[in-house]
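**Q** Here you go, one structure.
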């Protein structure tokens, strides 16, 4: 019996996941920039009109009239039009984001249900072999809950009727319950698929409704009049214009230009030939890992060479294979820099410098997508396929790849060395490995009040989807795809932990509401708060419980870090630091607190305090403090949360490794 490999074989060809929210946001940003240009033009027109009024003559009068009656009013009218259009696009982007999220969840759920059906079918086939009965069935029809009557083997011919009946009862007692459980699992999975297929159809309708609503809002503006009056080459209708320019079919994400995203072998891996959706909508990582393992080495290499963007960014693939594919993409970008924007080229140069450093730890490129408006990268340190402890680091505000790769390279090397040193000096054994996740559009500080600013939850919610996929993918890659997280796994799987800074704690907490696996620890440094619209309490997060009986959620906030509290108080997010309390922020209990304010060990070794919000402290080493440092916004040199010889770095390493007995200053439960 054949069970479909993925949801793509079950659902209708039409999909509510078309294009990306980033592309829609770019159009909204274009409208806002156009509005600003219109304001500048109107100001220039007013200024020119005043200067012209100083002259005299009929020609001057006609020119002044043209400025006052046509140019300036026209600019103001266009400004009003594009502002209204921007609002319509922003509302559409929010709707598309929600629809994409629900659709991706439906795809994941269907993939998991198909896996459950395959597992149930295998169990029933094994029972049928034992009871000498074979039943032809289809995957989409649930088997009966009652096991077929068993047949006895040739040896039973010597038994009388009573003995044969007794033998059948023994067989029924042995296999009837396992049969019923497998049949119930199959039936439950089919019911789940049916519900998700129904929701999929509803999401298609909701997407069409959102597009129609956007079209109506555009038609109500002067800009809409221009659209109605004009035609793209080929005579497209306004509906087609909206679809082409906004819905994703125009400038739709197809991976890097000139790079293949389709290959017949991808059917064996993804269930479809195209991998164009794997960044925003990857298949279930457990299925990816299992399918990758079923390919022979030559087939895997062909996919790495033919579709490097797909393999390099696909959660569930072994890290070495992803690195090999992404290095091919680096070579491609290096040879064809014109395919990248300015920010993508900056990120490329920074990543090449990191890659070329050599030495320990080994560096791998875990994810690479440089062609969008915001370059997205994930960099690994250590042998991620062999590490006994995998740590994912999530940066906060102003940490897009083109801006923060260098800082997070230093931070990652510092944490890696501290983790490895702890493991070796405490005779715990094992290897550390960590990933710097610069794979989302981090918020800005200078423009905090807009929808992508640090006071908004939208960037965290968008980044959480990809982070959750990567965390589940790390589990699947290291557990070789051997089933569901509640089922079989590798004989010695690694621990998986998350360490986040600032706004990254908001993103990470949202992701830990979406993962299918429990991470072993979650550590927050200088948290900008928890999104109360997504996380009702810390105990809802997918984080394991430690030996002490407490969930392995840790938090620290340096007393001199005065920037993080601002994000908490003015965003309305919840405070996860149990030792602190803010008048304007709700407190979330459940995290264990450790200090980052400095520590002197019994042997006299000094561990420095963190004196600002920075990951890596800045300064010239003279002890002079900048105004931003004196305010607690930036840490001074050697006093960031991730700087060597700080209490913070040691405790980040200890909590992420599960070595809580090595936390300097100890762990403290919330006073309340």
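In UniProt numbering, the protein residues as written are 1 to 672. The beta carbon of each residue, even a glycine, is placed where N, CA and C say it ideally should be. Only a predicted model underlies this, so the values are computations on that prediction, with no experimental measurement involved.
Please report the straight-line C-alpha distance between residue 6 and residue 278, rounded to a whole angstrom.
**A** Against the chain shown, residue 6 aligns to sequence position 6. Against the chain shown, residue 278 aligns to sequence position 278. Between residue 6 and residue 278, the C-alpha separation is close to 13 Å.
**Q** Measure the C-alpha to C-alpha separation of residue 28 and residue 214 and round it to an integer number of angstroms.
**A** Here residue 28 refers to the residue found at position 28 of the chain shown. Here residue 214 refers to the residue found at position 214 of the chain shown. Each residue's Cα considered, the two are about 12 Å apart.
**Q** Out of 430, 312, 501, 546, point me to the one whose CA is closest to residue 660's CA.
**A** Start at 1 with the first residue of the chain shown, and residue 660 comes out as number 660. For residue 660, the nearest C-alpha among the options comes from 546.
**Q** Put residue 557 into one of helix, strand or coil per three-state DSSP.
**A** Taking the first residue of the chain shown as 1, we reach residue 557 at position 557. Three-state result, residue 557: coil.
**Q** Could you give the residue range of the alpha helix (DSSP H) that holds residue 654?
**A** In the chain shown, counting from the first residue as 1, residue 654 sits at position 654. 647 to 657 is the extent of the alpha helix (DSSP H) around residue 654.
**Q** Taking only the alpha-carbon atoms, compute the straight-line gap between residue 97 and residue 463 and give it to the nearest angstrom.
**A** To locate residue 97, count along the chain shown from 1; it is residue 97. To locate residue 463, count along the chain shown from 1; it is residue 463. One C-alpha to the other measures close to 12 Å.
**Q** Drop a sphere of 10 angstroms on the beta-carbon of residue 650, count the other beta-carbons inside from all chains shown, and report buried for 16 or more, exposed for fewer.
**A** Position 650 of the chain shown, counted from the start, is the residue given in the question as residue 650. Counting Cβ neighbours within 10 Å, residue 650 comes out buried, since at least 16 surround it.
**Q** Using 8 Å as the cut-off, can you tell me whether the segment 509 to 523 makes contact with the segment 535 to 551, which would need three or more C-beta pairs spanning the two stretches below that distance?
**A** Yes: the two stretches touch, three or more of their Cβ pairs being nearer than 8 Å.
**Q** Report back the beta-carbon spacing between residue 495 and residue 380 to the nearest angstrom; my notes put them in contact at under 8 Å.
**A** For the purposes of this step, residue 495 is identified with residue 495 of the chain shown, where counting begins at 1. For the purposes of this step, residue 380 is identified with residue 380 of the chain shown, where counting begins at 1. Not confirmed; about 16 Å, so no contact.
**Q** Give me the residue from 81, 21, 371 with the minimum Cα distance to residue 39.
**A** Counted from its first residue, the chain shown places residue 39 at position 39. Among 81, 21, 371, the Cα nearest to that of residue 39 belongs to 81.
**Q** Give me the DSSP bridge partner(s) of residue 608.
**A** Counted from its first residue, the chain shown places residue 608 at position 608. Answer is 646, bridged to residue 608.
**Q** Taking 8 Å as the cut-off, decide whether the C-beta atoms of residue 199 and residue 106 are in contact.
**A** In the chain shown, residue 199 corresponds to position 199, counting from 1. In the chain shown, residue 106 corresponds to position 106, counting from 1. Yes; because the gap between Cβ atoms is below 8 Å, this pair is in contact.
**Q** Do you know whose CA, among 501, 183, 193, 45, lies nearest residue 109's CA?
**A** In the chain shown, residue 109 corresponds to position 109, counting from 1. If we check each option's Cα against that of residue 109, 193 comes out closest.
**Q** Between the alpha carbons of residue 667 and residue 593, how many angstroms are there, rounded?
**A** Locating residue 667 in the chain shown gives position 667, where the first residue counts as 1. Locating residue 593 in the chain shown gives position 593, where the first residue counts as 1. Each residue's alpha carbon lies about 5 Å from the other.
**Q** Does DSSP classify residue 587 as helix, strand or coil?
**A** As a position in the chain shown, residue 587 is number 587, starting the count at 1. Strand.
**Q** Spell out the partners DSSP gives residue 434 in its beta bridges.
**A** Translated into the one-based positions of the chain shown, residue 434 becomes position 434. 381, 391, per the DSSP bridge assignment.
**Q** At the level of alpha carbons, what is the spacing between residue 366 and residue 102?
**A** What you label residue 366 is simply residue 366 of the chain shown in a count that begins at 1. What you label residue 102 is simply residue 102 of the chain shown in a count that begins at 1. Near 26 Å, if we compare the C-alpha coordinates of residue 102 and residue 366.
**Q** Between which two residues does the alpha helix (DSSP H) harbouring residue 368 extend?
**A** Translated into the one-based positions of the chain shown, residue 368 becomes position 368. That residue, residue 368, is in no alpha helix (DSSP H); its beta strand (DSSP E) goes 363 to 369.
**Q** What did DSSP end up calling residue 48 once you bin it into helix, strand or coil?
**A** Taking the first residue of the chain shown as 1, we reach residue 48 at position 48. If DSSP states are grouped into helix, strand and coil, residue 48 belongs with the helices.
**Q** Touch check for the segment 458 to 478 and the segment 273 to 292: three-plus C-beta pairs under 8 Å?
**A** A contact exists between the segment 458 to 478 and the segment 273 to 292.
**Q** Would residue 93 and residue 17 qualify as a contact pair, given that the criterion is a beta-carbon distance under 8 Å?
**A** For the purposes of this step, residue 93 is taken as residue 93 along the chain shown, with counting starting at 1. For the purposes of this step, residue 17 is taken as residue 17 along the chain shown, with counting starting at 1. Cβ distance not < 8 Å, so residue 93 and residue 17 don't count as in contact.
**Q** In three-state terms, what does DSSP make of residue 354?
**A** What you label residue 354 is simply residue 354 of the chain shown in a count that begins at 1. Reduced to three states, the DSSP call for residue 354 is helix.
**Q** Would you mind reading off the limits of the alpha helix (DSSP H) that contains residue 319?
**A** Within the chain shown, residue 319 is the residue found at index 319, counting from 1. Note, residue 319: alpha helix (DSSP H), 319 to 335.
**Q** Terminal residues of the continuous beta strand (DSSP E) containing residue 294?
**A** Position 294 of the chain shown, counting from 1, holds the residue named residue 294. Counting along the chain, residue 294 falls outside any beta strand (DSSP E), though it belongs to the alpha helix (DSSP H) covering 285 to 294.
**Q** Taking only the alpha-carbon atoms, compute the straight-line gap between residue 134 and residue 124 and give it to the nearest angstrom.
**A** As a position in the chain shown, residue 134 is number 134, starting the count at 1. As a position in the chain shown, residue 124 is number 124, starting the count at 1. Approximately 10 Å between the Cα atoms of the pair.
**Q** Assuming residue 469 and residue 282 make a contact with CB atoms under 8 Å, what is their CB distance in whole Å?
**A** For the purposes of this step, residue 469 is taken as the residue at position 469 of the chain shown. For the purposes of this step, residue 282 is taken as the residue at position 282 of the chain shown. Sure, about 5 Å apart at Cβ, within 8 Å.
**Q** What residue range is occupied by the uninterrupted beta strand (DSSP E) comprising residue 521?
**A** On the chain shown, residue 521 is found 521 positions in, with the first residue counted as 1. 521 to 525 is the span of the beta strand (DSSP E), which, as asked, contains residue 521.
**Q** Using only alpha-carbon positions, find the residue among 500, 410, 375, 35 that is nearest to residue 77.
**A** Residue 77 sits at position 77 when you count from the first residue of the chain shown. When each option's Cα is compared against that of residue 77, the closest is 35.
**Q** Skipping 5 residues on each side, what residues in its chain have a beta carbon closer than 6 Å to that of residue 263?
**A** For the purposes of this step, residue 263 is identified with residue 263 of the chain shown, where counting begins at 1. Answer for residue 263: 306, 307, listed in chain order.
**Q** My output table needs one value for residue 280: the three-state DSSP class, helix, strand or coil.
**A** Along the chain shown, one-based indexing puts residue 280 at 280. It is coil, neither helix nor strand.
**Q** Using CA coordinates, which residue listed in 665, 443, 346 is at the minimum distance from residue 503?
**A** Residue numbering aside, residue 503 sits at position 503 when the chain shown is read from its first letter. Here the closest residue by C-alpha is 443.
**Q** Looking at the structure shown, is residue 551 part of a helix, part of a strand, or coil, going by DSSP?
**A** For the purposes of this step, residue 551 is taken as the residue at position 551 of the chain shown. It is a strand residue.
**Q** Three-state secondary structure (DSSP) at residue 122?
**A** Residue numbering aside, residue 122 sits at position 122 when the chain shown is read from its first letter. Helix at residue 122.
**Q** Whose C-beta lies closer than 7 Å to the C-beta of residue 8 among residues of the same chain, with five residues either side of it excluded?
**A** Residue 8 sits at position 8 when you count from the first residue of the chain shown. Excluding sequence neighbours, residue 8 sits near 271, 272.
**Q** How long is the line joining the alpha carbons of residue 19 and residue 549, rounded to whole angstroms?
**A** Along the chain shown, read from residue 1 onward, the residue named residue 19 stands at position 19. Along the chain shown, read from residue 1 onward, the residue named residue 549 stands at position 549. Approximately 45 Å, taken between the alpha carbons.
**Q** Give the range of the beta strand (DSSP E) segment to which residue 412 is assigned.
**A** As a position in the chain shown, residue 412 is number 412, starting the count at 1. Note, residue 412: premise wrong, no beta strand (DSSP E); alpha helix (DSSP H) at 401 to 425.
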